[in-house]
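Participant: After the structure tokens below, expect a handful of questions from me.
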Amino acid sequence: RFEDGTVSFLDIIALKHGFDVLEKLTGGMEKIKQHTFALAHYTYTVLSNLKYANGAPVVRIYSDTDFSNPDVQGPIINFNVLDENGQVLGFSQVDSMASLHNIHVRTGCFCNTGACQMHLDMSNEDIQRNLQAGHVCGDNIDLVDGRPTGSVRISFGYMSSFEDAQTFLNFIIATRLSNSDAEIPLQSVTKLTTESVPDDHLSFNKADKLSPILQISDRELRNIPSEAETTGSWQPPEPEAESMRAAVSETAVPTCRKGGKPITVAKIYLYPIKSCSAFEVTEWPVGNQGLLYDRNWMVVNQNGVCMTQKQEPRLCLVNPSIDLKQKIMVIQAEGMDPISVPLEDNTGKEAVICESKVCSHRVKTYDCGERIAGWLSTFLGRPCRLIRQSSDVKSKSHQKHTKGLSATNISLSLVNEAQYLLINVASILQLKEHISARLKEPLEIEELIQRFRANIVISAPESFEEEEWAEISIGALQFQVVGPCSRCQIICIDQQSGERNKEILQSLSAARGRKTNFGIYLMNQPLCSSFSETLSVGSQVLPVLKENPEIQPPTSNEEKCSG
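Here it is, written out as structure tokens:
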């Protein structure tokens, strides 16, 4: 009735053929139901019995049933992962870790705010407080005051297999339990049995081959403490209040850092092409969008979609450098002849302005031509093009990150989140010890610095003291800290080889507790003077402390570090 235009007659015609194929492949919806429920029942049983060494459950499952009847329970499991003290790990962190294991999960409230509020035991006041903290549907603010704003969901379909269920359970065990904790032998609890299962409760895994429903026998679970036994004897401690760090009050009087060794700029990096290799400099001019020419270009696929190292790790092997005197960007890669691109903005009549997206931000760009497109396509082995942000329209930043700044004047290049990213060498050193211990092999500090893809690397006496800063000054430049950088799988990619090592993100998660934050975002006002300021290695950094350092600001709704 509300159809706008011609009805979708081709899809309507295709329905019967689709159902016929589904029937031929699976044997019908009833068998799909039994098959998917068998997988969900198995996963639920193992998942609900996973315990830490202290007896604490590894997950909290949200369900209205005990997964005993496929007529009232669908093939989905909704849960949150807990730490050893019973506190919830944010769903965005679980999502990032799952992606490293090639597991796709859904997170948040799943367009069902009523059930979300009921199962997470949130009052109407809690909902209002979450909104005031900046939480909106679809973002990554997964914890407010230490309490979850959503959960994680896994779903099984007719194509899912028993091996898929085991892969997921192995992921939970590998990331949450030590070797001594992981005493549940997955292979031993996977015996196929039809005990107490009706004859018609069968599942399939191939078109012409049916397999009995998956069950875990009582004998195999005898040594696993039951849900009833553990919930009565173990109670989680009162969670320590973990409040949202209030944005720096515009009327607050800041506290300057007192005493201690001076803090200096140790390294400066810019990334002319988004997600490509860093260009290290000792001094560099600062523009209205950050470091001059930082992330002014990006590589897109044949559909015009931005490519990052998540989809194409070999982007880190593309090495751009800026020659200010010759006004060119030189791009090099192993096995390829160097190629140059002019720095002058080519937005004349011959340039075709198009609209691209960086995360959820729309930006105006133009294509850099066939020559560089062919060069990149040859090196990466797939059709792609180089585009540049148009100078006539700039990407505006989120106003919630610019308190104290004139939001209407703040513009971004092709970055995801903010103009600058800062990390601390002392924090890197502390993390290096933790990762090296887990990897059982030495890790070079330079390699770690490159993985975190910062613009400004500082040398401060204390690790993670940068997280207590509200603003900083470097020479004549004033910066406001706008929040922490929540890390994604980009840090798992070796920036020299393009190889992945998922242990890096797992180690960061273990080292930092319930979050994967590392580094802080900075913004600064557009320059008022007619000449550009310069950021230099060796310059002194003067920080101003936050008014309330126990509180931490929320991160926003994109994975931050994909560029």
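What the sequence shown shows, in this note's numbering, is residues 759 to 1321, in sequence order.
We put the CB at the ideal spot given by N, CA and C, even for glycine.
Treat the numbers as computed from the prediction; the structure is a model and nothing was measured.
1) Roughly how many whole angstroms lie between the Cα atoms of E1008 and Q1238?
2) H793 and Y916 look like a contact to me (Cβ under 8 Å); what is the Cβ gap, rounded to whole Å?
3) I believe S913 touches I1026 by the beta-carbon criterion, under 8 Å. Please report the beta-carbon distance rounded to the nearest angstrom.
4) Closest to N870 by CA distance: which of C895, S850, M855 and M1281 is it?
5) Touching or not, the stretch 1020-1035 and the stretch 1070-1083, by the rule of three or more beta carbon pairs under 8 Å?
6) Rounded to a whole number of angstroms, what is the C-alpha to C-alpha distance between V1058 and P1141?
7) Does the stretch 789-809 come close enough to the stretch 922-929 to have 3 or more Cβ pairs within less than 8 Å?
8) Apart from the five residues on each side of it in sequence, which residues of its chain come closer than 6 Å, Cβ to Cβ, to N838?
9) Three or more C-beta pairs closer than 8 Å, one from the stretch 1197-1215 and one from the stretch 1242-1258: is that the case here?
10) Give the DSSP bridge partners of F825, in chain order.
11) How many angstroms separate the CA atom of S1149 from the CA atom of D1103?
12) Which residue from K791, V902 and M855 puts its Cα closest to that of E883?
13) Give a yes or no on contact between the stretch 1231-1247 and the stretch 1274-1281, applying the rule of three or more CB pairs nearer than 8 Å.
14) Looking at the unbroken alpha helix (DSSP H) that takes in Y1279, where does it start and where does it end?
15) According to the neighbour-count rule (16 or more other Cβ atoms, all chains shown, within 10 Å of its Cβ), is G866 buried or exposed?
16) Identify every run of the alpha helix (DSSP H) within the stretch 786-840, keeping only runs that are complete inside it and at least 4 residues long; order them along the chain.
17) Tell me the DSSP bridge mates of R905?
18) Beta carbon of V1023, beta carbon of I1214: below 9 Å?
19) Return the Cβ separation of L1138 and R1072 in integer angstroms, given the expectation that the two are a contact with Cβ distance under 8 Å.
20) For Q1177, count neighbouring Cβ atoms within 10 angstroms of its own Cβ and tell me buried if that reaches 16, exposed if not.
21) Measuring only the C-alpha atoms, how far is F1276 from R934?
22) Applying the 10 Å Cβ sphere with the 16-neighbour rule, what's the burial state of D853?
23) Between L1144, K1085 and I1086, which lies nearest to Q1060 when the distance is taken from Cα to Cα?
24) Our contact map puts Q1236 next to S857 with C-beta atoms below 8 Å; I'd like the distance itself, whole angstroms only.
25) When DSSP labels each residue in this structure, what does R1146 get in the three-state scheme?
26) Is it buried or exposed, V779, if we count other Cβ atoms within 10 angstroms and call 16 or more buried?
27) Report the option in F825, K791, I931 and L773 whose CA atom is closest to the CA atom of S918.
28) Go through its chain and collect everything with a Cβ distance to A923's Cβ below 7 Å, but skip five positions before and after it.
29) Give the secondary structure of C867 by DSSP, where H, G and I count as helix, E and B as strand, and everything else as coil.
30) Look at the Cβ atom of P1043, then the Cβ atom of L1293, and state whether they are nearer than 9 Å.
31) So, for Y820: in the same chain, excluding its five sequence neighbours on each side, which residues have a beta-carbon less than 7 Å away from its beta-carbon?
32) Secondary structure at L1303, three-state DSSP: helix, strand or coil?
33) To the nearest angstrom, how far is the alpha carbon of E1333 from that of R1196?
Facilitator: Let me spell this out:
1) Because the pLDDT of E1008 is 33, which lies under 50, any placement of that residue in the model is unreliable, and the number read from its coordinates should be weighed accordingly. Roughly 12 Å separates the two Cα atoms.
2) Rounded, the Cβ-Cβ distance is 6 Å, consistent with contact.
3) With 8 Å as the limit, S913 and I1026 do not qualify as a contact, their Cβ atoms being about 46 Å apart.
4) N870 has its Cα closest to that of C895, out of C895, S850, M855 and M1281.
5) Judged by Cβ distances under 8 Å, the stretch 1020-1035 makes contact with the stretch 1070-1083, as three or more pairs qualify.
6) Looking at the two C-alpha atoms, the distance is approximately 9 Å.
7) Inter-segment contact for the stretch 789-809 and the stretch 922-929 is present: three or more beta-carbon pairs are separated by less than 8 Å.
8) Within the same chain, N838 has close Cβ partners R818, V846, P906 and S909.
9) At 8 Å Cβ cutoff, the stretches touch.
10) None, per the DSSP bridge assignment.
11) Taking the straight line joining both Cα atoms gives about 7 Å.
12) The shortest C-alpha separation from E883 is found at V902.
13) Yes, since at least three Cβ pairs between the stretch 1231-1247 and the stretch 1274-1281 fall closer than 8 Å, the two stretches touch.
14) Boundaries for Y1279: no alpha helix (DSSP H) harbours it, while the beta strand (DSSP E) harbouring it runs N1275 to M1281, taken from the DSSP string.
15) That one is buried.
16) Whole alpha helix (DSSP H) segments, 4+ residues: 787-806.
17) According to DSSP, which records beta bridges pairwise, R905 is partnered with V902.
18) The Cβ atoms of V1023 and I1214 sit closer than 9 Å to each other.
19) Contact holds; Cβ gap of about 6 Å.
20) Counting the other CB atoms within 10 Å of its CB gives Q1177 a total of 16 or more, which places it among the buried residues.
21) Looking at the two C-alpha atoms, the distance is approximately 20 Å.
22) With at least 16 other beta carbons inside 10 angstroms of its own, D853 counts as buried.
23) If we check each option's Cα against that of Q1060, L1144 comes out closest.
24) Going by Cβ atoms, the distance from Q1236 to S857 rounds to 37 Å, so no, they are not a contact pair.
25) It is a strand residue.
26) Exposed, by the Cβ-count rule.
27) The alpha carbon of S918 has as its nearest neighbour, out of F825, K791, I931 and L773, the alpha carbon of K791.
28) Cβ within range, chain order: L797, Y800 and T801.
29) It is coil, neither helix nor strand.
30) Going by C-beta atoms, P1043 is nearer than 9 Å to L1293.
31) Closer than 7 Å at Cβ, skipping near neighbours: N836, F837, H877 and S909.
32) Secondary structure at L1303: strand, using DSSP grouped into helix, strand and coil.
33) What the structure shows of the chain is the stretch from 759 to 1321, and residue 1333 is not part of that stretch, so it cannot be assessed.
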